[in-house]
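Participant: Dropping the structure in here first, questions after.
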Amino acid sequence: MTTRRELLKAGAAGATLAGLGLPLAIPAQAQAITSLDVFIPAAPGGGWDATGRAIEAAMRADGLLSEFKIENVGGAGGMVGLPRFVGQKKGQGNAIMIGGMVMVGAGIANKSPMTILDVTPIARLTGEALVVVVPAASPFKTMGDLVAQLKKEPKSVSWAGGSAGGADHILVGQIAKANGVDPRQASYVAFAGGGPAQAALLGNQVSAGVSGYGEFEEQIKAGKLRALAVSSEAKQNNVPSLKEQGINVVLWNWRGVFGAPGITTAQRDALVALMDKMVNGPAWKKTLETRGWEGIYLSGDKFGEYVKKDVADTTVILKDLGLAS
Amino acid sequence: MDTLGLLMQGFANALTPMNLLWALAGVTVGTAIGVLPGLGPGLTIALLLPITYKVDPTSAFILFAGIYYGAMYGGSTTSILINTPGESATIITAMEGHKMAKKGRAGAALATAAVGSFVAGTFGTLGITFLAQPVVELALKFGPAEYFSLMILCFVTVSAVLGSSALRGLTALAIGLFFGMIGIDLQSGQPRFTFGILELLDGINVLIVAVGLFAVGETLHLATQKKVDEEVIDIKGPVGMTKEDWKRSWKPWLRGTAFGFPIGAMPAGGAEIPTFLSYYTEKKLSKNPEEFGHGAIEGVAGPEAANNASAAGVLVPMLTLGLPTSATAAIMLSAFQSYGINPGPQLLATQGQLVWTLIASLFIGNVMLLVLNLPLVGLWVKILKIPQPLLYGGILVFATIGTYGISRSVVDLVLLYIVGFMGFMMRRFDFPTSPVIIGMILGPMAEQEFRRAMTISNGDLMIFVQKPLSLALLILAAVAVLAPLVWRVVKRPAPQAA
Numbered sequence: 000m001t002t003r004r005e006l007l008k009a010g011a012a013g014a015t016l017a018g019l020g021l022p023l024a025i026p027a028q029a030q031a032i033t034s035l036d037v038f039i040p041a042a043p044g045g046g047w048d049a050t051g052r053a054i055e056a057a058m059r060a061d062g063l064l065s066e067f068k069i070e071n072v073g074g075a076g077g078m079v080g081l082p083r084f085v086g087q088k089k090g091q092g093n094a095i096m097i098g099g100m101v102m103v104g105a106g107i108a109n110k111s112p113m114t115i116l117d118v119t120p121i122a123r124l125t126g127e128a129l130v131v132v133v134p135a136a137s138p139f140k141t142m143g144d145l146v147a148q149l150k151k152e153p154k155s156v157s158w159a160g161g162s163a164g165g166a167d168h169i170l171v172g173q174i175a176k177a178n179g180v181d182p183r184q185a186s187y188v189a190f191a192g193g194g195p196a197q198a199a200l201l202g203n204q205v206s207a208g209v210s211g212y213g214e215f216e217e218q219i220k221a222g223k224l225r226a227l228a229v230s231s232e233a234k235q236n237n238v239p240s241l242k243e244q245g246i247n248v249v250l251w252n253w254r255g256v257f258g259a260p261g262i263t264t265a266q267r268d269a270l271v272a273l274m275d276k277m278v279n280g281p282a283w284k285k286t287l288e289t290r291g292w293e294g295i296y297l298s299g300d301k302f303g304e305y306v307k308k309d310v311a312d313t314t315v316i317l318k319d320l321g322l323a324s
Numbered sequence: 000m001d002t003l004g005l006l007m008q009g010f011a012n013a014l015t016p017m018n019l020l021w022a023l024a025g026v027t028v029g030t031a032i033g034v035l036p037g038l039g040p041g042l043t044i045a046l047l048l049p050i051t052y053k054v055d056p057t058s059a060f061i062l063f064a065g066i067y068y069g070a071m072y073g074g075s076t077t078s079i080l081i082n083t084p085g086e087s088a089t090i091i092t093a094m095e096g097h098k099m100a101k102k103g104r105a106g107a108a109l110a111t112a113a114v115g116s117f118v119a120g121t122f123g124t125l126g127i128t129f130l131a132q133p134v135v136e137l138a139l140k141f142g143p144a145e146y147f148s149l150m151i152l153c154f155v156t157v158s159a160v161l162g163s164s165a166l167r168g169l170t171a172l173a174i175g176l177f178f179g180m181i182g183i184d185l186q187s188g189q190p191r192f193t194f195g196i197l198e199l200l201d202g203i204n205v206l207i208v209a210v211g212l213f214a215v216g217e218t219l220h221l222a223t224q225k226k227v228d229e230e231v232i233d234i235k236g237p238v239g240m241t242k243e244d245w246k247r248s249w250k251p252w253l254r255g256t257a258f259g260f261p262i263g264a265m266p267a268g269g270a271e272i273p274t275f276l277s278y279y280t281e282k283k284l285s286k287n288p289e290e291f292g293h294g295a296i297e298g299v300a301g302p303e304a305a306n307n308a309s310a311a312g313v314l315v316p317m318l319t320l321g322l323p324t325s326a327t328a329a330i331m332l333s334a335f336q337s338y339g340i341n342p343g344p345q346l347l348a349t350q351g352q353l354v355w356t357l358i359a360s361l362f363i364g365n366v367m368l369l370v371l372n373l374p375l376v377g378l379w380v381k382i383l384k385i386p387q388p389l390l391y392g393g394i395l396v397f398a399t400i401g402t403y404g405i406s407r408s409v410v411d412l413v414l415l416y417i418v419g420f421m422g423f424m425m426r427r428f429d430f431p432t433s434p435v436i437i438g439m440i441l442g443p444m445a446e447q448e449f450r451r452a453m454t455i456s457n458g459d460l461m462i463f464v465q466k467p468l469s470l471a472l473l474i475l476a477a478v479a480v481l482a483p484l485v486w487r488v489v490k491r492p493a494p495q496a497a
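First to last, the protein sequences are chains Y and E. Following numbering that gives the first Met the number 0, the numbering of the first sequence begins with 0 at its first residue and continues without gaps. Following numbering that gives the first Met the number 0, the numbering of the second sequence begins with 0 at its first residue and continues without gaps.
As structure tokens, then:
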């Protein structure tokens with residue numbers, strides 16, 4: 000827990016440094032936003048919904064804005080909502096859409112005519128590292144044991160995780176690839192969500208599981224699942240990262256906000272400034288802490304580049320997995 | 000402290016006036032949203048999540064639990080009265096219950112549903128209190144192979160709704176299997192039968208098909224009748240249940256509970272499967288199976304109890320392991336998280352007071368729901384006094400609004416009417432509609448579990464007979480199919496001798 004808090008603080012401090020200049024530099028445009036349309040391309044209750052509503056709560060609490068319109072259009076990893084956001088909000092400076100890594104993968108796998116590159120990147124807000132776990136009774140004590148078996152007999156290791164082509168599946172593919180195993184050889188068992196996947200692990204139905212750290216956290220603490228590696232750069236919660244164990248894979252299941260397509264640079268900068276202000280306020284910091292979200296803030300052009308790279312990397316691995324052409 | 004002591008303490012917390020008020024608000028809202036098609040408990044709780052910023056956790060969970068149980072009660076009402084199921088778990092109730100209503104027995108159907116829900120809810124909550132640990136251990140023994148064998152057993156139950164022609168029944172089942180295939184395949188991430196329509200990527204909601212086939216189909220059918228029956232349905236007999244009804248209901252209630260609770264506790268069990276199993280069992284055990292399909296009270300009592308008991312069962316893995324196994328449970332868990340409470344194996348240890356108060360409030364909510372719903376029966380049946388053309392016009396409006404409410408998608412509305420027209424044609428040419436629904440629910444589950452099992456076993460089919468639980472379920476399925484045939488052969492000589 001201490002590690003996580005320290006990381007949070009470090010992240011927040013970094014964000015403060017990055018954001019300091021902006022709100023002061025362009026107060027005029029920032030003031031132009033008097034109300035915010037928050038478009039959530041997912042049904043109420045999920046991670047994107049929680050992010051959208053937390054943005055509203057934090058901005059209200061810190062007195063940044065008081066007028067919000069929240070709209071949920073769920074379905075297909077955001078691919079139902081995305082075209083609607085693009086169509087309805089084109090050129091509208093005060094509209095934001097929540098999105099993230101899931102949307103990147105969904106756009107590629109479904110060969111959608113519209114992708115996350117069609118909207119204007121504003122900021123990456125949070126990220127969650129994935130964790131590789133095995134049941135407590137598993138013979139695999141370390142990531143090395145698991146990888147050794149994977150190399151020896153790729154199909155004998157069954158991996159439980161979320162839907163095919165999602166973040167969990169992508170990580171399994173990358174781990175296989177980094178160890179010289181054809182990603183298509185990995186026995187990936189897709190479950191409809193974290194709950195059923197956890198149940199399969201607790202019941203010793205599968206060899207290993209991949210999901211967001213938070214999803215497995217309580218089972219790990221209770222000693223029912225053993226965490227072997229996390230997908231962040233460095234170790235988290237005393238779990239060593241894949242990179243530290245010689246597997247060169249880093250993956251964040253990130254969530255961020257996007258602006259409408261066709262907005263002016265000034266409008267985009269105003270939204271970036273607003274998000275900068277929010278992440279530096281006390282309410283958002285408190286939200287990160289109670290929710291256990293990792294604040295990996297990145298905004299403006301840097302975020303734009305990150306999204307482009309993420310799309311390119313994801314396309315490659317989905318092709319390797321045989322899910323995209 | 001022992002379980003009973005902890006539970007008593009929970010009651011002490013739940014019985015404060017403020018918490019009682021939250022429970023009352025929860026069950027009232029829950030009943031209302033259960034009655035309305037399209038607005039399920041999951042969505043309602045999700046929409047109410049922002050109150051977690053203002054209200055203390057105990058009150059919030061008492062409210063949410065009330066909504067959850069209440070929706071299960073309310074869901075049966077629209078199914079029985081206007082053949083428009085509000086939840087997929089009440090689809091079976093609609094089949095038999097609406098037939099009862101058409102025979103003027105709506106009061107009895109509603110009453111047996113309400114009392115059955117109470118019985119199941121109470122036994123289910125007792126199960127959470129005393130049996131949570133062993134039940135969850137059994138539930139975790141179910142892996143993909145076991146689930147697939149359970150699905151095979153469930154497919155046997157389809158025979159109970161096939162109707163007079165097996166060919167027509169199986170055709171309907173195949174249509175259901177096809178509907179179930181539409182959307183992104185979970186195991187490969189590839190879209191199937193979506194024809195480039197983005198809205199179809201997540202598949203078709205089974206409720207839209209149910210409402211389309213049952214409500215819209217029936218309305219169209221009525222509209223084409225030359226002579227529309229202007230007379231209202233007579234309400235025969237007393238509004239509540241007769242002595243005979245009680246006698247025929249109590250065993251199905253208990254059997255339904257016995258199906259619902261453990262299957263609800265299974266991570267991939269769900270609420271629909273126990274209703275199928277209960278319906279099949281009641282039809283097989285009934286002294287007058289010919290009544291089934293024409294309004295048999297057992298066919299309402301059993302599945303309704305199974306539905307409610309499974310709702311209690313879902314809470315077992317949630318409270319003992321922090322595992323959300325239904326959409327509603329997942330949303331309740333995210334409510335825990337917005338309080339900074341981490342639901343997991345330690346929940347009972349770290350948040351014992353909250354959990355026991357929640358369980359106590361489930362008992363209280365159940366009593367409230369019975370008190371709330373039984374008098375409402377008299378009110379609800381009055382809906383049927385509306386002349387049929389107006390009533391069915393209203394049903395059409397209701398079905399349309401409800402469908403739009405599920406996803407706010409125009410594509411779904413178009414689908415509703417396509418399916419509705421299909422339902423009309425099926426009725427016109429005497430095809431049973433229920434197998435469509437069963438195929439649509441069981442098909443994708445069976446397929447996914449089969450492929451999971453195959454991935455795990457590296458394509459070795461022996462996995463289904465090597466696992467003892469899976470083998471036992473397959474044997475049960477075989478017995479269910481073969482026993483009636485063998486029985487007929489054994490029995491045949493007897494009448495000849497006489």
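Ideal Cβ placement from N, Cα and C applies to all residues, glycine included. Keep in mind that this is a model prediction, so the values were computed, not measured.
How far does the beta strand (DSSP E) with Y/P120 in it reach, from first residue to last?
Facilitator: 119-134
Participant: Using the beta-carbon of each residue, which ones in chain Y are nearer than 9 Å to E/G25?
Facilitator: Correct list: empty, because the minimum Cβ distance to chain Y is about 17 Å.
Participant: If we call anything under 8 Å between Cβ atoms a contact, is E/L80 one with E/L383?
Facilitator: yes
Participant: So with Cβ pairs under 8 Å, would you call E/I455 a contact of chain Y?
Facilitator: yes
Participant: Hey, which unbroken runs of the alpha helix (DSSP H) at 4 residues or more fall wholly within the segment 237-265 of chain E?
Facilitator: 242-264
Participant: Work out the CA separation of Y/M274 and E/M439 for me, nearest whole Å.
Facilitator: 45 Å
Participant: Is the Cβ-Cβ distance between Y/G211 and Y/G160 less than 8 Å?
Facilitator: no
Participant: Distance, Cα to Cα, Y/V130 vs Y/E152?
Facilitator: 22 Å
Participant: What are the boundary residues of the beta strand (DSSP E) that includes Y/F257?
Facilitator: 251-258
Participant: Chain E partners of Y/Q204, CB-CB under 8 Å?
Facilitator: G142, P143, I455
Participant: Less than 7 Å separating the Cβ of Y/M277 from some heavy atom of the ligand SAM?
Facilitator: Absence of the ligand SAM from the depicted structure is noted, as is the absence of any ligand whatsoever, leaving it without description.
Participant: Hey, quick one: how far does the beta strand (DSSP E) through E/G85 stretch, first residue to last?
Facilitator: No beta strand (DSSP E) contains E/G85, which DSSP labels as neither H nor E.
Participant: Does the beta carbon of Y/N325 come closer than 8 Å to any beta carbon on chain E?
Facilitator: Examination of residue 325 of chain Y is not possible in this model, given that chain Y is present from 0 through 324 alone.
Participant: On the premise that Y/A41 lies in contact with E/A188, defined as a C-beta separation below 8 Å, what is that separation, rounded to the nearest angstrom?
Facilitator: One detail in the question is off: residue 188 of chain E reads as Gly in this sequence, not Ala. Contact flag wrong, Cβ pair sits at about 18 Å.
Participant: Quick one: list the residues of chain C neighbouring Y/S162, beta-carbon separation under 8 Å, in chain order.
Facilitator: No chain C appears in this structure, whose protein chains are Y and E.
Participant: Excluding the 5 residues flanking Y/V146 on each side, which residues of the same chain have their C-beta closer than 8 Å to its C-beta?
Facilitator: Around Y/V146, the same chain offers I174, N178, I246 as residues with beta carbons nearer than 8 Å, after the five sequence neighbours per side are excluded.
Participant: Taking all protein chains shown into account, do 16 or more other C-beta atoms lie within 10 angstroms of the C-beta of E/L484, making it buried, or fewer, making it exposed?
Facilitator: exposed
Participant: Below 6 Å CB to CB, which residues in the same chain sit around Y/A27 once its five sequence neighbours on both sides are set aside?
Facilitator: Confidence is the limiting factor: at Y/A27 the pLDDT is only 44, short of 50, which leaves the residue's position unreliable, though a coordinate-based value still follows. Excluding residues within five positions, none has a Cβ falling inside 6 Å.
Participant: So, is the C-beta of E/Y52 closer than 8 Å to a C-beta in chain Y?
Facilitator: yes
Participant: What's the C-alpha gap between E/E290 and E/V157?
Facilitator: 17 Å
Participant: Less than 6 Å between C-beta atoms, sequence neighbours within five positions excluded: which residues of the same chain meet that for E/V488?
Facilitator: none
Participant: Please confirm whether E/D459 has its beta-carbon closer than 8 Å to some beta-carbon of chain Y.
Facilitator: no
Participant: If E/A88 and E/N287 are in contact, beta carbons under 8 Å, what's the gap, nearest whole angstrom?
Facilitator: Not a contact, Cβ separation roughly 26 Å.
Participant: Can you look up Y/A323 in the DSSP assignment and give me helix, strand or coil?
Facilitator: coil
Participant: Name the DSSP beta bridge partners of Y/A159, please?
Facilitator: According to DSSP, Y/A159 bridges with Y/V188, Y/G208.
Participant: Give the residues of chain Y in contact with E/A87, contact being defined as C-beta atoms less than 9 Å apart.
Facilitator: Reading the sequence as shown, one finds Ser at residue 87 of chain E and not Ala. The premise fails here: E/S87 is roughly 15 Å from chain Y at the closest Cβ pair, so nothing lies under 9 Å.
Participant: Where do the N-terminal and C-terminal ends of the beta strand (DSSP E) with Y/L224 fall, by residue?
Facilitator: From DSSP, the beta strand (DSSP E) with Y/L224 extends over 224-229.
Participant: Give the residues of chain E in contact with Y/R225, contact being defined as C-beta atoms less than 9 Å apart.
Facilitator: Simply none; closest approach about 14 Å.
Participant: Since E/G211 and E/L415 should fall inside the 8 Å C-beta cutoff, what is the C-beta to C-beta distance between them, to a whole number of angstroms?
Facilitator: 5 Å
Participant: Taking 8 Å as the CB-CB cut-off, is E/P443 touching chain Y?
Facilitator: no
Participant: Quick one: which residues of the segment 215-246 of chain Y get their C-beta closer than 8 Å to a C-beta of chain E? List them in chain order.
Facilitator: Along the segment 215-246 of chain Y, the positions whose C-beta sits under 8 Å from a C-beta of chain E are E216, E217, Q218, K220, A221, K223, read in chain order.
Participant: So E/P386 contacts chain Y; which residues on that side make the cut at Cβ distance below 8 Å?
Facilitator: Against E/P386, chain Y offers no close residue; the least beta-carbon distance is about 39 Å (beta-carbon pairs closer than 8 Å).
Participant: List the residues of chain E whose Cβ lies closer than 7 Å to the Cβ of Y/Q197, in chain order.
Facilitator: Close to Y/Q197, with beta-carbon spacing below 7 Å, are these residues of chain E in chain order: L322.
Participant: Listing by chain order, which chain E residues have their CB less than 7 Å from the CB of Y/M78?
Facilitator: Those are L197, L200, listed as they occur along chain E.
Participant: My output table needs one value for E/S408: the three-state DSSP class, helix, strand or coil.
Facilitator: coil
Participant: Give every residue of the same chain whose Cβ lies closer than 8 Å to the Cβ of E/G239, excluding the five residues on either side of it in the sequence, and list them in chain order.
Facilitator: G106, A107, A110, L373, V376
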